[in-house]
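Chains as they are written, first to last, in this note's numbering: chain A, 1 to 368; chain B, 1001 to 1382. Just so it is clear, CB atoms sit at the ideal spot from N, CA and C, and this is done for glycine as well. Model, not experiment: these values are computed from the prediction.
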Amino acid sequence: MAQFEGFVADPTLMAPAARPPAHNRTWLSAYFGTPGNALITIVCLGTIFGLAKLAIGWLFVDAIFAGTPAECKASSGACWPFLSAKLRYIFFGFYPFDEQWRPLTAMLLFLGACGASMVPRTWGRVLAVAWIVVILPTLYTLMAGGMFGLTPVPTTQWGGLPLSFMLSFVGLACALPLGIALALARASSLPAIRVLGVGFIEIVRGVPLISILFMATVMLPLFMPDGITIDKLLRAQVAIILFAAAYIAEIVRGGLQAVPKGQIEAGHSLGLHYWQIMSKIVLPQALKKVIPPLVGLFIGFFQDTTLVTIVGLLDFLDTVRTAMRDPQWQGIAVLEGYVFAAVVYFFFSALMGAYSRFLEQYFRTTHD
Amino acid sequence: MSLIYDARIRAFLYQLVAIGAVVFVAWAMFSTASANLAKQDIATGFGFLARQAGFVITETAIAYEPTDTFGRAILVGIANTVKVSALAVFFGTILGVLVGIGRLSHNPVLSRLMLAYVEALRNVPLLLYLLLWYSLIISVFPPVKQAIEMLPGVFLSNSGLVMPAMRWASGFEALFVAVVVGIVAAVVIERILARRRITTGKDMPIATFAALALLLPLAATLLFADISVSLDVPELGRFRLTGGYHVRPEFVALLIGLTLSASANVAEIVRAGIQAVSKGQWEAATALGLPRSRTLKLVILPQALRIIVPPLTNTYLTVFKNSSLAIAIGYPDLVMVSNTIMNQTGQAIEAIAIFMAVYLGLSILISLVMNWYNARVALRER
C-alpha cells in the first residue's frame, strides 16, 4: 500500500464528495409540480367532475326507474322503464316473440365459441373444422329453423344484435379468403391479373361503404335476370364482404411485402410451383404478421355494419332507433336508446381492442 | 401438348381467362340491365342532368333554386360534402394534435383523460354518435317559437342557430383582391426574410413584417374604396325565422361527429409519431437547455411529421368518405342529393355511378395532394 501513497492527490484539492442530487419528486409533484401543471390538473379534475355530475344526475338522481311513459315525460332524467319495456325488441327485432330463445341461444353459443377461439392454444385445424361443420350450421339452424321441429323464420324477421354479429362476422370470415386472393393478385407477376386486382382494391377503397350498400340494394336488382330475386339481407352481406375484402387485401399485402424475397427463391430452388410456395411458405409467415391489424380492422367493420340501417335492414342500431319511434315512447326516450347502444358497442369494441393488444404482445414474444 | 407446359404460354392463358371472365360478367350484367330497364320503361343516359330538379335543398353552399337543373343539384351536393369534410378535417386535425400531445403528458390526470376521450370515440360507431348529437341538439334546445335570443338578432333553437348575415352592396371584389394580395405579399416577404436570415445570420422580426404585408392592403381598401354592407337581421315570425344566416342542426351534428372521430384518429397517429422519434432527440434538446414545449415544437414535431403524414392521409380520406353518413340525419350531401334524384327519376345506375365517380376522383385528388406534401416533409437524403 505504502508505495502508492505518493499518488494520492491532496485531499484539499479534491472536490468534496457530493451526494447525488436528492430526488425529492413525490407523487404529488407529478400533479402539482409547476404552476402550469397544477392548472392542468385542476382543469382536468374539474372536467371529470362536471361530466360525472352530469352523468350521475341523468342516469340516477333525476331518473325514473319504474313508471309509465307519462311519468318519464315529466322527468328530466333517464327513463329506465323504456329500456325494460323495449329490451327484447332492441336485442331481437321482429323475431317471433315466443321463439326469441333461439337467437339468444345462438348469440350465447356464438360468443362462447368466439371466446374459446380467442385462446391461442385452441388454434389449429380442429378449430376451423369445428366452426365450419358444427358451430356455423347450428347457428344457422337455430336462426332459420325449419329443421328438428323448429318453426321456420324468414330472414326478413331477423334483427337486432344477432344480425349485427352475423353481418360483421360472416362478412369478415368470407372476406378473408377473397382479400388474400386479391392481395396475391396485386402482387402477381402477370400484368393483367395485377391490373384487375389493383383496380378492384382501389375503386372499393376510394368510395364510401354506403355507396356499395346502395349498389347492392338499389342497383343490383336491375342487373338480375327476370324472376331471380336475392334476399335483401344476403345482398347487404355480399356488399360488406366485397368492401371488407379490399381492406383486408391491403393489410395482407403489407404482410406479403414483409416476407423476405429469399423465401420465394428458396421455394423455387426446391422445385415448388407457385401455389405450393404461396400456401406453404409465404402465406403462413405473412398472415401471422397481420393478425393484430386484422383484429383492428374487425373492430372497424363491427361498427361499420351499423350503416345497413340506412338501406333499411334491422340491425342493432336500427332496432334501437325504431324502438324510440314507438308511438308510446316517441319524444320521451330520445337519448336512452342511443346511450344504451353506445354502451353495448363500446363493450364489444373495447374487448376486441384489448384482444388485439394481447395478440401483438403474444406474437412479439413467441418465436417459431 | 408441350405448349401447356410452357410457363409463358400458361401465363398468357391465365390472363386471358381472367380478362374474359370479367368482360363476360360485365357484358351479362349490362345486357340484363338494359333489358330490365327497357321493360320497366326507365330512361337511360345522363340526359336527366339538364332537366329541372324541382326539389328543395335545405342547405346550399353554392346558389341553388328548385328551378335549377339536376346537374346543379349534384354540384350543390358536392359543395356541401366538400364544405363539411374540409371543416371537419381542419378542426379535427387541430383538436387531434392537442389530444395526441396530451396523451403523452407527464401529468397522469391529463394523459388518462385524453386516453378516455380517444377510447370513447374509437369504440362507438360514428353513425351512432351522429344520431346522438343530432337528437341531443333537437331535444335540448327549445322549438323555434321559443327561440332563445342570445344577442340581438342571434337566435338559438332546435332548428339551429340563426344570426345576422352580411349582404354586400358594393366593394366586395375590391376587398377580396386586397385579401389575396395581402396573403401573397406576406408569403413572399416571409420567404425572402427567412432566406436572408439563413444566409446572413441576422435576426429580423419576420412575423411583424409579414403581418404588415397582410394587413396594409386590407386597411387601404377599407379606407379608400367604396364599401357598403347591409345587415340582414333575422326576424322571429310565428312559425319560423326569416332572413339571416342559418346554421342548421344537421350540419352542426355532422360537423361535430366527423370532427370528433377525426380528432381521435389524428390523436393516435400523432402519439405514435412522437413516440417513434428516438429518445436521444429529447435528451439532446434538454441538454441544450430547451424547455419541453420548445423541444416539442422545434425538434420532435418536425421529425414526427414524416411518420405522421402517410397515415394522416388515410384519416382525411376516411373523414371525406364518412361524410356520406350525412344521409342518416338529413344533411344534403352528395349521397343524399343523389338519393333524391334516384327516387325522382328512377335512374339509379346513373345517379350511383355519378356519386361513386365523384368520390373516387376526389379521393385520388386528396391522395395526390397529401403525397406531394409528404414528399416535401420527407427526409432529403444526400
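Taking CB distances under 7 Å as the criterion, tell me whether F382 (chain A) reaches chain B.
Residue 382 (chain A) is absent from the structure shown; chain A starts at 1 and stops at 368.
Step through the CB atoms of chain B and report whether any lies within less than 7 Å of the CB of C72 (chain A).
False, the Cβ-Cβ gap to chain B never drops below 7 Å.
Compute the distance between the beta-carbons of F110 (chain A) and P103 (chain A), then report whether it is under 7 Å.
No. Outside cutoff.
Counting along the chain, where does the beta strand (DSSP E) carrying G1160 (chain B) start and finish?
Residues G1160 to M1163.
When you check each C-beta in the region 332–359 of chain A against every C-beta of chain B, which residues fall closer than 8 Å?
Near chain B, meaning a CB-to-CB distance below 8 Å, the residues of the region 332–359 of chain A are V334, L335, Y338, V339, A341, A342, Y345, F346, S349, A350 and G353.
Quick one: is E1250 (chain B) buried, meaning 16 or more other Cβ sit within 10 Å of its Cβ, or exposed?
The residue is buried, with at least 16 neighbouring Cβ atoms inside 10 Å.
Any residues in the region 1110–1128 of chain B with a beta carbon nearer than 8 Å to a beta carbon of chain A? Which ones, in chain order?
Flagged, chain order: L1110, L1113, E1119, A1120, R1122, N1123, V1124, P1125, L1126, L1127 and L1128.
Contacts of A192 (chain A) in chain B (Cβ-Cβ under 7 Å):
For A192 (chain A), the chain B residues whose Cβ falls inside 7 Å of its Cβ are Q1015, A1018 and I1019, in order along the chain.
F169 (chain A): contacting residues in chain B (beta-carbon distance under 9 Å):
Chain B residues near F169 (chain A): none, gap ~16 Å exceeds 9 Å.
With 8 Å as the limit, tell me which residues of the region 294–320 of chain A have their beta carbon closer than that to any beta carbon of chain B; keep them in chain order.
Residues passing the 8 Å Cβ filter: I299, Q303, D304, T306, L307, T309, I310 and L317.
I'd like to know if the region 224–240 of chain A and the region 297–317 of chain A are in contact, where contact means that at least 3 CB-CB pairs between them fall below 8 Å.
Under the three-pair Cβ rule at 8 Å, the region 224–240 of chain A counts as touching the region 297–317 of chain A.
Please tell me whether G93 (chain A) has its Cβ less than 7 Å away from any Cβ of chain B.
No, G93 (chain A) does not count as interfacial toward chain B.
Take V290 (chain A) and list the residues in its own chain whose beta-carbon comes closer than 7 Å to its own, dropping the five residues that flank it on each side.
Non-local C-beta neighbours of V290 (chain A) in its own chain, meaning closer than 7 Å and more than five positions away in sequence, comprise I251, V252, G254 and G255, ordered along the chain.
Go ahead and pull the three-state DSSP assignment for S75 (chain A).
In the three-state reduction of the DSSP assignment, S75 (chain A) falls in the coil class.
Beta-carbon separation of G160 (chain A) and P152 (chain A) under 7 Å?
At the C-beta level, G160 (chain A) and P152 (chain A) stay beyond 7 Å of one another.
Among residues of its own chain, excluding the 5 on either side of M1 (chain A), which ones have a beta-carbon nearer than 6 Å to its beta-carbon?
Note that M1 (chain A) has pLDDT 45, beneath the 50 cutoff, so the model's placement of it is unreliable and the number below is only indicative. There are no such residues.
Chain B partners of C44 (chain A), CB-CB under 8 Å?
Per Cβ cutoff of 8 Å: N1107, V1109, L1110 and L1113.
Within the continuous alpha helix (DSSP H) that includes H268 (chain A), where are the two ends?
Boundaries of the alpha helix (DSSP H) around H268 (chain A): K261 to S269.
Looking only at its own chain, which residues have a Cβ that is under 8 Å from the Cβ of I1329 (chain B), when we skip the five neighbours before and after it?
Cβ-Cβ distances below 8 Å link I1329 (chain B) to L1130, L1131, Y1134, E1250, A1253 and L1254 in the same chain, with the five nearest sequence neighbours on each side left out; the list follows chain order.
Under 7 Å, Cβ to Cβ, is there at least one residue of chain A near S1031 (chain B)?
No - not a single Cβ of chain A is within 7 Å of the one on S1031 (chain B).
Judging by CA-CA distance, which residue of B:D1041, B:F1141 and B:L1212 is the nearest neighbour of G1346 (chain B)?
Nearest option by C-alpha distance: B:D1041.
Straight-line Cα distance separating F1141 (chain B) from P1310 (chain B)
Looking at the two C-alpha atoms, the distance is approximately 41 Å.
Residue closest to P208 (chain A), alpha-carbon to alpha-carbon, out of B:S1263, B:V1377 and B:L1360
For P208 (chain A), the nearest C-alpha among the options comes from B:L1360.
At the 7 Å Cβ level, is S211 (chain A) part of the contact set with chain B, yes or no?
Taking Cβ atoms only, chain B reaches closer than 7 Å to S211 (chain A), which makes this a yes.
Sort out for me which residues DSSP pairs Q1052 (chain B) with in a bridge.
When beta bridges are read from the DSSP output, Q1052 (chain B) appears opposite B:T1069.
Is the beta carbon of A245 (chain A) closer than 7 Å to that of G300 (chain A)?
No, the pair does not count as a contact, with Cβ atoms beyond the cut-off.
Helix, strand or coil, according to DSSP, for G50 (chain A) in the structure here?
Correct three-state label for G50 (chain A): helix.
What's the gap between the Cα of F363 (chain A) and the Cα of V259 (chain A)?
A straight-line Cα-Cα distance of about 16 Å links F363 (chain A) and V259 (chain A).
Could you give the distance in angstroms between the alpha-carbon of S349 (chain A) and the alpha-carbon of D231 (chain A)?
Looking at the backbone, the Cα of S349 (chain A) and that of D231 (chain A) are separated by about 29 Å.
Under three-state DSSP, which class holds T151 (chain A)?
Looking at T151 (chain A) - three-state DSSP - the assignment turns out to be coil, as it is neither helix nor strand.
Considering only C-alpha positions, which residue in the set B:L1049, B:R1122, B:A1073 and B:V1369 is nearest to A342 (chain A)?
Measuring from the Cα of A342 (chain A), the nearest candidate turns out to be B:R1122.
For S75 (chain A), is the classification buried or exposed, using 16 other Cβ atoms within 10 angstroms of its Cβ as the cut-off for buried?
Exposed, because fewer than 16 other Cβ atoms sit within 10 Å of the Cβ of S75 (chain A).
For the putative contact between W1054 (chain B) and P1066 (chain B), defined by C-beta atoms under 8 Å, what is the C-beta separation to the nearest angstrom?
One point to set straight first is that residue 1054 (chain B) is Gly, not Trp, in the sequence displayed. G1054 (chain B) to P1066 (chain B), Cβ: 5 Å. Contact.
Closer than 7 Å, CB to CB, is L222 (chain A) near chain B or not?
Yes, contact with chain B.
Comparing alpha-carbon positions, which option in B:I1366, B:A1116 and B:S1338 lies nearest A1076 (chain B)?
The sequence given here places Val at residue 1076 (chain B); Ala does not occur at that position. The shortest Cα separation from V1076 (chain B) among B:I1366, B:A1116 and B:S1338 belongs to B:S1338.
Examine chain B for any beta-carbon lying closer than 7 Å to the beta-carbon of Q361 (chain A), and answer yes or no.
It does not; no Cβ of chain B falls within 7 Å.
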